[in-house]
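Under my numbering, the very last position in the sequence shown is 151; numbers go up by exactly one each time.
Beta carbons: idealized from backbone N, C-alpha and C, even for Gly.
All of these numbers come straight from a predicted model, not from anything done at the bench.
Below is one structure; the comments refer to it alone.
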Amino acid sequence: MRTPTRLDAPRPHPRAVRRAGALGPCRGVNLKPGGVGGPAAALEIEALCREAGLDLWIGGMLESGVGRALNLILAALPGVTLPGDTSASDRYFARDLVRPPARLQADGTIPVPKGPGLGVEVDREYLATVTVREAWLRPPTR
């Protein structure tokens, strides 16, 4: 096959990225972190793409600020070679669940969150007002 291809949804698992890179016509990966199992798998795919010379694009699936922060952090990694489609929080939400929300700058960029963890803080007071139901897999430790 000579037609250039790109791995995309539903889930470009790290194993599939390895295989596709070895096949030849694969030119890159469209990565949605929530669709591959989260940060660890996304970081592995970024490293695989970087090592194989595959283009990498980070996209989203209408995440709240928690997922959006992860997308922005991943999009800033050296293996990401194509601009993504992460939008500002206010494009989809009147108010986001995190502080600070992702805001579009005058130059069309969104800053990568800084600070510990994902660089954002869950607005627990607001979250409590929009929570419909809680379920615990195990009792919370307090």
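Backbone secondary structure at residue i - three-state DSSP
i	result
residue 65	strand
residue 28	helix
residue 59	helix
residue 138	helix
residue 43	helix
CB of residue i within 8 Å of CB of residue j, strictly
i	j	result
residue 71	residue 39	no
residue 3	residue 82	This structure gives no information on residue 3, because the portion of the chain shown stretches from 10 to 151.
residue 65	residue 33	no
residue 30	residue 51	no
residue 84	residue 95	yes
Beta-ladder partner(s) of residue i, from DSSP
i	result
residue 37	15 and 64
Original post:
Counting Cβ pairs, one atom from each stretch, are 3 or more of them under 8 Å apart for the stretch 121-129 and the stretch 75-94?
Top reply: Output reads yes: the stretch 75-94 touches the stretch 121-129.
**OP:** May I ask you to verify whether the stretch 107-125 touches the stretch 50-60, counting CB pairs closer than 8 Å and requiring at least 3?
**Re:** Result no; under three Cβ-Cβ pairs closer than 8 Å.
**OP:** Could I get the ranges of all uninterrupted alpha helix (DSSP H) runs contained in the stretch 46-133, with 4 residues as the minimum, in chain order?
**Re:** Those alpha helix (DSSP H) runs which fall completely within the stretch 46-133 and span 4+ residues are 48-61 and 74-84.
Original post:
If we count Cβ pairs, one from each stretch, closer than 8 Å, do we get three or more for the stretch 33-48 versus the stretch 94-102?
Top reply: When Cβ pairs closer than 8 Å are counted between the two stretches, the stretch 33-48 is seen not to touch the stretch 94-102, the count staying below three.
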